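Those letters in the sequence shown? Residues 106 to 235, by my numbering. C-beta atoms are modelled at their ideal positions from N, C-alpha and C, and glycine is treated no differently. Since the structure is predicted, the reported quantities are computational estimates derived from the model, not experimental observations.
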Amino acid sequence: MKISKLAQREARRLFRSCQANGLLDDNRVRQSVAWLLAKQPHGYVEILSRLYRLVKLDLEQRAARVESAALLPADLQSDVTSQIRKIYGSGADITFSQNPALIGGLRIQVGSDLYDGSVKTRLEKLEQSF
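Put into C-alpha cells, the structure is as follows:
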C-alpha cells in the first residue's frame, strides 16, 4: 500500500507525541488511535497503518530475548539485564528462556542485533572451517 507523504508525516508526528522520556507510552498510543478513529481526518487509514508500523518497529527494537542452555541463576540474570539496559536503555523488555540445543553459553537478540556466544554456533563454525 502506497502511503502519501502527508500521511507519513502525520503518523510520525503522532508517534513522537506518544513518547514520554524517549519511551513509547501505551496510553498515549491508545488515545491517538481513538482520536484518529473519532475525527477520521483525510487519509486516516493510511495514518493508522503507518503509526502501527512505527509502534511495531519500536517495540521490536526494545525487545530482548536471552537464551541459555540451562536456566540462569537470579544474580546472572540481573547482571545480563543491567548490561542490556546499559547498552539499549531502560526501556528494554527482556525475556529469558531455556534452549538445550545451545549446549552452553548465551544467545542474546535485541531487535536486529544478535550476540551469539553459544557452544553450538562455535561448533558449527569449526565444522564449516574444515
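Rounded separation between residue i and residue j - CA only
{"i": "F201", "j": "Y157", "result": "27 Å"}
{"i": "S234", "j": "Y220", "result": "20 Å"}
{"i": "N204", "j": "G127", "result": "33 Å"}
{"i": "L228", "j": "V215", "result": "23 Å"}
{"i": "P178", "j": "L164", "result": "27 Å"}
Rounded Cβ spacing between residue i and residue j (contact assumed at less than 8 Å)
{"i": "S183", "j": "I108", "result": "Contact doesn't hold; Cβ gap of about 43 Å is too wide."}
{"i": "V160", "j": "L129", "result": "7 Å"}
{"i": "S173", "j": "L211", "result": "5 Å"}
{"i": "V150", "j": "V171", "result": "Not a contact, Cβ separation roughly 38 Å."}
{"i": "A125", "j": "R118", "result": "In fact, because the Cβ distance is near 15 Å, the residues do not count as touching under 8 Å."}
Exposed unless 16 or more other CB atoms sit within 10 angstroms - verdict on residue i
{"i": "A112", "result": "buried"}
{"i": "S137", "result": "buried"}
{"i": "E115", "result": "buried"}
{"i": "I192", "result": "exposed"}
Those residues which DSSP pairs with residue i across a bridge
{"i": "R212", "result": "E172, D221"}
Can you list, in chain order, the stretches of the beta strand (DSSP E) that have 3 or more residues and sit fully within the stretch 133-204?
With a minimum length of 3 residues, the continuous beta strand (DSSP E) runs that stay inside the stretch 133-204 are 168-173, 198-203.
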